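For what it's worth, this note's numbering labels the leading residue of the sequence shown as 2, then goes sequentially.
The structure appears right after this line, and notes come after that.
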Amino acid sequence: KAARPKAPVDVEKQCGVELPQGGQCARSLTCKSHSMGAKRSVPGRSAPYDKLLLDY
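Dropping the structure here:
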């Protein structure tokens, strides 16, 4: 299985937590794999994580 090129992660709509193997988590804002604290600390969001989650 060939690795797909990674599309840029939209931190307004996606988790965005840095992954140990590099890159960012591309799951939705409701990602259950990462803690709320980790998602709140993602740089580059236009609004606080909690506001984006409410609007999601």
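The beta-carbon is built from N, C-alpha and C at its ideal position, and this holds for glycine as well.
On a predicted model such as this, the values are computed, not experimentally measured, just so you know.
In this structure, the beta-carbon distance from V12 to A27 does not fall below 8 Å.
The C-alpha of Q22 is placed about 18 Å away from the C-alpha of C32.
With a cutoff of 8 Å on beta-carbon distance, K52 and C16 are scored as not near each other. Within the stretch 24-49, the complete alpha helix (DSSP H) segments of 4 residues or longer fall at 37-41, listed in chain order. Scanning its chain for C-beta atoms nearer than 6 Å, with the 5 sequence neighbours on each side dropped, one finds around Y57 the residues L30, in chain order.
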